[in-house]
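Report on the following structure.
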């Protein structure tokens, strides 16, 4: 092959991956030292003349061919993109969102040539002492790895969390300098502050918010709103958790000839948070409130969320009302939306309402007791209708953290009471009415739907296999909400039913906000919107504004394109809030058990992979990794059909739902990671530790916890 610039250009242009020096030597069949020198000289000349570009890794690109462009790296879920296109796997190049790069567009993917400027957003991580060269282990979701320090003496406390501005990279990863020390005392405060910063949760209000808050009224005077319905004499009540401070919704029910009248009154946030205002900009940026063990990062300032918009008892409040007629078969046969002034008669908790449902006695006004009794009847009817349409409904497998002096004192299981379900069904009914109301008046693509699409086929295949191992057959035609529910009903009475319910939940798609309705699979509904929580969800505020515009006879304030943009953003902020909650819970649960290293726990296998078992420590609601090397001296093979690890010689099988005694070997709370070791029968070997007397040889670990609903 002729060695000239034309040949080099043709060869580089025909390759899928930009070639390096060795690739060109092989492709040109060069063997002698003279030919190598000629090739080097030719390549240097072509780079000097601008015919070629050589990136940071030494690969060669044709200048101008394939679209060499400058731009900024962005994040799309768990992957990185450049100008909307996915990045090829980058060797020896560490990238994160916000980095400015030069890149070559190759078909439908992007090959980054070099980093022109690093993102100015700090990485959040934990200091790891490492002799003379401490480093920071990143906790930020957009970069997992170590950050070396330009000035190692800045890292003074092992285990402290810090903010690092990235300046460069070396062969091990990114290099930066510490710009802020976030804390190192451990416990709830460090976990919460660290994860808020790591995930970029906004904590400062947009400029102008304070001035707007100063102009708000201090109280609601019912007489100033003669056009609104006055429901002050209707015994509406709020029913929430014991620790709740913001009350979105109040409920009331009474019997009518065909069934019941059900009122769901929702805080009229849209009256105070005007579209385009500073308050609106802040609420839209945050997307939702973030609830953490020791605090809330609210979507709205507390003056509104806990004050003027909160349906506090015994005071007048502005509300948007969904006034429904519910038949005895649980069908909503009619509804009205209107603006009202209300006065909550009582601030009730789920526990107090449950006591009333169980015993029929509650120390409140008789009218409130009558309403609660009818609400229970409405719930039973709505529940029956839910059963008929086949909606999924699983009891939660979650825990709450009891805190004391900045530490977790205890972990308690969450019990879902009938009182919880009563409120859930009332809110679902109002949300469906909101979707039907907007769609009937404006048509499709004019509201903010809550869409939950059917599961992907590959996830359903895995679920089908797992259920088959439990003796439950799920045929292809049963892959509907009703079919899945019927499959779960076959597990009624089993102690580990919750495990399979979690598998079903994990197989489902994530719900999103969008103006394009595709139904709600989990609830088995054709249309669904979020209307009932505008204090803590921006989606609900959007729906309120659209309903208010319809009631006023005005045009909808939102076009389809803006709804798409808002939906994409608030779907992402919801995922962000969930990720922060998971990360904080995992940190604190791991920290809670970290002083029990060496102790034995009862565990249940929650997941099986080719590298080991994910095991939940029973009673602690936290998972760790039992690495395959710790299962014994046998060689274990992964069998995906049965979701099992099977010993090649012994035939011993580890599978989903197995109960195993495990020893806690190590805990890294900041990463939410636990290492486990199997307790073997007396006289048997288990992994390298018992064979060689050391710590486990492989340090693969697991994130604690798991996906929530």
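In my numbering, the protein residues as written are 194 to 902. Even for Gly, the Cβ is constructed at its ideal location relative to N, Cα and C.
Problem - Span of the beta strand (DSSP E), counted from its first residue to its last, around residue 515 - result: 509-520
Problem - Reduced DSSP category for residue 336 - H, G, I as helix; E, B as strand; rest coil - result: coil
Handout entry: Cβ distance (whole Å) where residue 736 is taken to contact residue 641 below 8 angstroms
Key = 6 angstroms
Practice task
Using the DSSP secondary-structure output, state which residues sit across from residue 746 in a beta bridge.
Solution key: DSSP, once it has assigned bridges, lists no residue as partnering residue 746.
Handout entry: Within the segment 450-520, ranges of the alpha helix (DSSP H) (whole runs, at least 4 residues)
Key = 471-479
Practice task
Starting from the C-beta of residue 468, find all residues in its chain whose C-beta is less than 7 angstroms away, skip the five residues before and the five after it, and write them out in chain order.
Solution key: 738 and 750
Handout entry: Spatial neighbours of residue 788 in its chain, beta-carbon cut-off 6 angstroms, leaving aside the 5 residues before and after
Key = none
Handout entry: Check whether residue 262 and residue 205 have beta carbons under 8 angstroms apart
Key = no
Exercise for the section: Mark residue 448 as exposed unless 16 or more other C-beta atoms lie within 10 angstroms of its C-beta, in which case mark it buried. Expected result: exposed
Practice task
Indicate whether the contact test is met: 3 or more Cβ pairs, each with one atom in the segment 750-768 and one in the segment 445-465, closer than 8 angstroms.
Solution key: no
Practice task
Locate the beta strand (DSSP E) running through residue 308, then write down its first and last residues.
Solution key: 302-310
Exercise for the section: Take every Cβ of the segment 648-657, pair it with every Cβ of the segment 722-734, and state whether three or more of those distances are shorter than 8 angstroms. Expected result: no
Exercise for the section: Report all residues from its chain with a CB closer than 8 angstroms to the CB of residue 584; omit the five preceding and five following residues, and keep chain order. Expected result: 674, 678, 715, 716, 717 and 718
Exercise for the section: Determine the direct distance from the alpha carbon of residue 391 to that of residue 536, and round the result to whole angstroms. Expected result: 41 angstroms
Exercise for the section: Return helix, strand or coil for residue 599, following the three-state DSSP convention. Expected result: coil
Problem - the segment 419-428 contacting the segment 516-535, beta-carbon criterion three pairs below 8 angstroms - result: yes
Practice task
Compare the Cα-Cα distances from residue 526 to each of 292, 623 and 437 and report the closest residue.
Solution key: 623
Handout entry: Reference residue 761, options 269, 252 and 331, closest by Cα
Key = 269
Practice task
Pick out whichever of 346, 680, 494 and 556 has its Cα sitting closest to the Cα of residue 402.
Solution key: 494
Exercise for the section: Spatial neighbours of residue 503 within its chain, please: CB distance less than 6 angstroms, with the 5 preceding and 5 following residues excluded, ordered by chain position. Expected result: 439 and 440
Handout entry: Local conformation of residue 326 per DSSP, three classes
Key = coil
Practice task
Examine the Cβ distances between the segment 575-591 and the segment 689-697 and report whether three or more of them are shorter than 8 angstroms.
Solution key: yes
Problem - Where the alpha helix (DSSP H) containing residue 700 begins and where it ends - result: 690-700
Exercise for the section: Would you identify the three-state DSSP class for residue 526, choosing helix, strand or coil? Expected result: strand
Problem - residue 376 versus 369, 370 and 384, residue with shortest Cα-Cα distance - result: 384
Handout entry: Own chain residues within Cβ distance below 6 angstroms of residue 542, not counting five before or after
Key = 435
Handout entry: Rounded straight-line distance, which links the Cα of residue 303 to that of residue 200
Key = 24 angstroms
Exercise for the section: Put residue 662 into one of helix, strand or coil per three-state DSSP. Expected result: helix
Problem - Alpha-carbon to alpha-carbon, residue 734 and residue 763 - result: 12 angstroms
Problem - Rounded Cβ spacing between residue 320 and residue 327 (contact assumed at less than 8 angstroms) - result: 6 angstroms
Practice task
Pick out the complete beta strand (DSSP E) segments inside the segment 340-385, 3 residues or longer, and give them in chain order.
Solution key: 354-363 and 366-376
Handout entry: Under 8 angstroms between C-beta atoms of residue 567 and residue 538
Key = no
Practice task
Grab me the residues of residue 363's own chain with a C-beta within less than 8 angstroms of its C-beta, minus the 5 sequence neighbours each way, in chain order.
Solution key: 341
Exercise for the section: Name the residue from 389, 382 and 288 whose alpha carbon lies nearest to the alpha carbon of residue 360. Expected result: 288
Handout entry: residue 638 - DSSP class collapsed to helix/strand/coil
Key = coil
Exercise for the section: Give me the Cα-Cα distance between residue 213 and residue 867, rounded to the nearest whole angstrom. Expected result: 41 angstroms
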